[in-house]
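In what follows, a structure is listed as structure tokens, so that the remarks can point back to it.
In this note's numbering, the protein residues as written are 271 to 623.
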């Protein structure tokens with residue numbers, strides 16, 4: 271699904287990640303320059319309370335006015351990473367335009383790092399650990415959208431695109447309990463968790479969700495670390511040298527990459543199922559009929575019984591992609607569908623490919 275991206279470290283291949291989970295926060299520090307809207311202090315206190323470390327993926331256009339808040343995070347041992355300057359997709363950009371944006375954003379991140387270099391936090395790393403951290407350059411594609419030109423630029427500059435296997439879809443679901451439980455359900459050894467930065471009046475529920483998530487992880491005895499720490503422990507404990515994460519993690523060449531060998535077909539199927547269930551649950555939360563008219567203008571989605579009382583007690587059943595995608599009749603299930611409809615005295619419309 272995401273070739274060339276790091277979504278987790280498999281403990282079967284990297285036993286050093288057992289009991290560890292990397293926490294990442296997107297769209298740091300705050301989309302508004304007014305510090306009254308920022309919740310960096312609250313996030314910092316929460317992480318301290320749970321003795322957790324995190325990687326903050328910065329939209330670097332947001333950093334101005336919040337530099338000291340980010341310095342405090344770095345002094346605490348957290349890290350910053352590249353999420354492009356703006357909170358928008360860069361998948362349509364040319365190679366040159368994306369490269370300029372990537373390097374501009376990394377320059378801001380480097381400036382934050384340089385401001386606290388040698389201070390508390392990173393100062394506790396030994397020389398080997400520090401060199402390993404420096405070997406990894408993290409990037410997360412805004413909105414999760416990648417393109418071939420973006421991948422080429424990332425490879426050129428030694429960046430790894432980092433996604434997730436532990437996410438609650440928090441930009442669209444504002445239920446903190448649901449978000450925390452969904453993330454806990456998906457959290458495994460070596461997971462990379464994602465949640466977006468809360469702000470006052472904007473995704474503020476994520477502060478509660480993060481607290482509940484950290485509490486659940488603490489109950490399991492999971493240690494919450496930064497992405498670089500997870501990367502370092504994945505390699506150090508198996509006795510292998512730390513290499514560029516693009517080489518060592520999920521990304522081989524596109525021609526040799528196999529999602530089945532990476533995560534297993536069963537796990538991929540389960541992940542897809544849970545992802546679509548979460549999306550559909552979000553739609554149903556606001557009411558399917560209430561949104562259909564605006565989402566699909568000019569299309570017939572249902573008949574409103576308030577306007578058409580004759581439809582009361584009726585429902586139209588439609589089946590798509592009829593009759594069968596393969597010509598061999600042994601694969602077709604038209605007979606079974608026909609018998610089922612007869613059993614329930616039901617009629618249907620078959621939309622045929």
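Every residue, glycine too, gets a C-beta built ideally from N, C-alpha and C.
All figures in this text were calculated on a predicted structure; none of them were measured in a lab.
Close-in-space but distant-in-sequence residues of the same chain around residue i (CB under 8 angstroms, 5 per side omitted)
{"i": "residue 497", "result": "292, 294, 325, 349, 351, 406, 408, 432, 462"}
{"i": "residue 596", "result": "602"}
Cut-off 7 angstroms between Cβ atoms - residues of its own chain near residue i, not counting five sequence neighbours on either side
{"i": "residue 414", "result": "433"}
{"i": "residue 272", "result": "433"}
{"i": "residue 618", "result": "587, 588, 589, 611"}
{"i": "residue 385", "result": "341"}
{"i": "residue 356", "result": "329, 331"}
{"i": "residue 591", "result": "623"}
{"i": "residue 396", "result": "Residue placement at residue 396 cannot be trusted, given a pLDDT of 41 that sits under 50; what the coordinates show is reported in the next sentence. No residues qualify anywhere along the chain."}
{"i": "residue 599", "result": "none"}
{"i": "residue 573", "result": "581"}
Below-9 angstroms beta-carbon distance, residue i vs any chain B residue
{"i": "residue 364", "result": "The chain inventory of the structure shown lacks chain B, comprising one protein chain alone."}
Reference residue i, options the options, closest by Cα
{"i": "residue 623", "options": "593, 468, 606", "result": "593"}
{"i": "residue 306", "options": "336, 547, 492", "result": "336"}
{"i": "residue 455", "options": "574, 443, 487, 429", "result": "487"}
{"i": "residue 368", "options": "381, 420, 322, 388", "result": "420"}
{"i": "residue 371", "options": "388, 334, 353, 544", "result": "353"}
{"i": "residue 376", "options": "416, 418, 417, 428", "result": "428"}
{"i": "residue 443", "options": "568, 547, 284", "result": "547"}
{"i": "residue 471", "options": "300, 543, 595, 609", "result": "300"}
{"i": "residue 501", "options": "430, 544, 567, 382", "result": "430"}
Check whether residue i and residue j have beta carbons under 9 angstroms apart
{"i": "residue 332", "j": "residue 411", "result": "no"}
{"i": "residue 587", "j": "residue 621", "result": "no"}
{"i": "residue 314", "j": "residue 339", "result": "yes"}
{"i": "residue 288", "j": "residue 365", "result": "no"}
{"i": "residue 485", "j": "residue 290", "result": "no"}
{"i": "residue 343", "j": "residue 310", "result": "yes"}
{"i": "residue 286", "j": "residue 505", "result": "yes"}
{"i": "residue 469", "j": "residue 308", "result": "yes"}
{"i": "residue 476", "j": "residue 435", "result": "no"}
{"i": "residue 317", "j": "residue 346", "result": "yes"}
{"i": "residue 303", "j": "residue 334", "result": "yes"}
{"i": "residue 616", "j": "residue 494", "result": "no"}
{"i": "residue 489", "j": "residue 453", "result": "no"}
{"i": "residue 416", "j": "residue 274", "result": "yes"}
{"i": "residue 284", "j": "residue 491", "result": "no"}
Close Cβ partners of residue i (< 6 angstroms) along its chain, the five nearest in sequence each way excluded
{"i": "residue 298", "result": "326, 328, 467"}
{"i": "residue 603", "result": "none"}
{"i": "residue 437", "result": "464"}
{"i": "residue 510", "result": "At residue 510 the pLDDT is 45, less than 50, meaning the model places this residue with poor confidence; the figure from the coordinates comes in the next sentence. The answer is none, since no qualifying residue turns up."}
{"i": "residue 393", "result": "Residue placement at residue 393 is flagged as unreliable, the pLDDT there being 38, under the threshold of 50; the coordinate-derived value follows with that caveat. Counting only Cβ-Cβ distances below 6 angstroms, and skipping sequence neighbours, we find nothing."}
{"i": "residue 473", "result": "466"}
{"i": "residue 403", "result": "Note on residue 403: pLDDT 41, under 50, position unreliable in the model; the coordinate value appears next. Answer for residue 403: 498, listed in chain order."}
{"i": "residue 575", "result": "581, 582"}
Item to check | Stretch-stretch touch, CB-based, cutoff 8 angstroms, three pairs: the region 277-292 with the region 439-450 | outcome: Segments in contact, no.
Checklist entry - What residue ranges within the region 280-319 form continuous alpha helix (DSSP H) runs of no fewer than 4 residues, ordered along the chain? => result With a minimum length of 4 residues, the continuous alpha helix (DSSP H) runs that stay inside the region 280-319 are 310-319.
Item to check | Length-filtered (3 minimum) beta strand (DSSP E) runs lying within the region 409-434 | outcome: Listed in chain order, they are 429-432.
Checklist entry - What are the uninterrupted segments assigned as beta strand (DSSP E) that are 3 or more residues long and contained completely in the region 437-505, given in chain order? => result The beta strand (DSSP E) runs of length 3 or more contained entirely in the region 437-505 are, from start to end of the chain, 461-466, 493-495.
Checklist entry - Taking only runs of the beta strand (DSSP E) that begin and end inside the region 326-365, which ones reach a length of at least 3 residues, in chain order? => result As far as the region 326-365 is concerned, its whole beta strand (DSSP E) runs of at least 3 residues are 349-352.
Checklist entry - Hey, which unbroken runs of the beta strand (DSSP E) at 3 residues or more fall wholly within the region 566-607? => result Assignment of beta strand (DSSP E) within the region 566-607, counting only whole runs of 3 or more residues, yields 587-592 in chain order.
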